[in-house]
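Scroll down for the structure; my scribbles are underneath it.
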Amino acid sequence: MTGSTGRDGTVRSRPMRVAAVILAAGASRRYGEHKLLARLDGKPLLQHVIDAANASAVDDVIVVVGHGAEDVLAAVTLGRARAVANPDHAEGQSTSLRAGLRDAAAADAVVVLLGDQPRVTSALVDALVERQRTTGALG
Numbered sequence: 100m101t102g103s104t105g106r107d108g109t110v111r112s113r114p115m116r117v118a119a120v121i122l123a124a125g126a127s128r129r130y131g132e133h134k135l136l137a138r139l140d141g142k143p144l145l146q147h148v149i150d151a152a153n154a155s156a157v158d159d160v161i162v163v164v165g166h167g168a169e170d171v172l173a174a175v176t177l178g179r180a181r182a183v184a185n186p187d188h189a190e191g192q193s194t195s196l197r198a199g200l201r202d203a204a205a206a207d208a209v210v211v212l213l214g215d216q217p218r219v220t221s222a223l224v225d226a227l228v229e230r231q232r233t234t235g236a237l238g
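This is the structure in structure tokens:
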């Protein structure tokens with residue numbers, strides 16, 4: 100793409116950069132164990148989300164970790180994704196969102212994914228990115 104159309108109908112001179120921010124810092128208190136490490140189809144829940152983001156057309160993949168970060172990172176393969184630590188994770192999900200957005204500051208748009216939604220696919224992520232790029236939609 101040589102450019103993209105903004106909400107006001109103007110054409111941007113450069114392609115829009117889109118990042119995926121995966122929130123994976125929670126303590127899983129209600130689940131009883133670290134939910135992101137629970138296995139589904141032979142791999143941790145979080146790995147499914149990382150794989151979908153990595154296979155999508157987003158330019159950057161950021162995984163925000165907090166509670167049990169060492170165990171989480173040891174259990175997954177990041178691929179082209181990178182991990183960002185949220186030292187304030189115990190204060191709530193909004194702190195992880197802020198940490199991810201801060202790290203994605205160079206992006207024009209961000210797709211936020213939750214680490215415990217393993218059925219998200221790269222096709223869904225790509226459809227969201229394409230919808231934003233063609234319509235300028237914010238949500």
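Residue numbers (this note's numbering): 100 to 238. From the three backbone atoms N, C-alpha and C, an ideal C-beta is built for every residue, glycine too.
With residue i and residue j assumed to form a contact (beta carbons below 8 Å), what rounded beta-carbon distance in angstroms separates them?
i	j	result
LEU136	ASP158	About 28 Å; that fails the 8 Å criterion.
VAL162	ALA184	The pair is not a contact, with the Cβ atoms about 10 Å apart (cut-off 8 Å).
VAL211	LEU196	7 Å
ALA206	ALA118	4 Å
Does the beta-carbon distance from residue i to residue j come in below 7 Å?
i	j	result
ALA236	ARG230	yes
VAL120	VAL209	yes
ASP187	THR194	yes
Between the Cα of residue i and those of the options, spot the shortest distance and give me the residue it belongs to.
i	options	result
GLY165	ARG201, ALA124 and PRO143	ALA124
VAL160	PRO186, PRO217 and ARG116	ARG116
LEU172	LEU144, ASP202, ALA198 and ASP140	LEU144
HIS133	THR234, VAL219, GLY214 and ARG218	GLY214
ALA154	ARG232, THR234, THR233 and VAL219	VAL219
GLY141	THR234, PRO217 and ARG232	PRO217
ALA168	LEU122, ALA204, ARG138 and ALA156	LEU122
ARG232	ALA156, ALA204 and GLN192	ALA156
Do the region 141-153 and the region 164-176 touch if we need at least three Cβ pairs shorter than 8 Å? These segments touch.
For a minimum of 3 consecutive residues, which ranges assigned as the beta strand (DSSP E) are wholly contained in the region 195-235? 208-213, all fully within the region 195-235.
Can you list the beta strand (DSSP E) stretches of 3 or more residues lying completely in the region 140-182, in chain order? Counting whole runs of 3 or more residues, the region 140-182 contains the beta strand (DSSP E) stretches 159-164.
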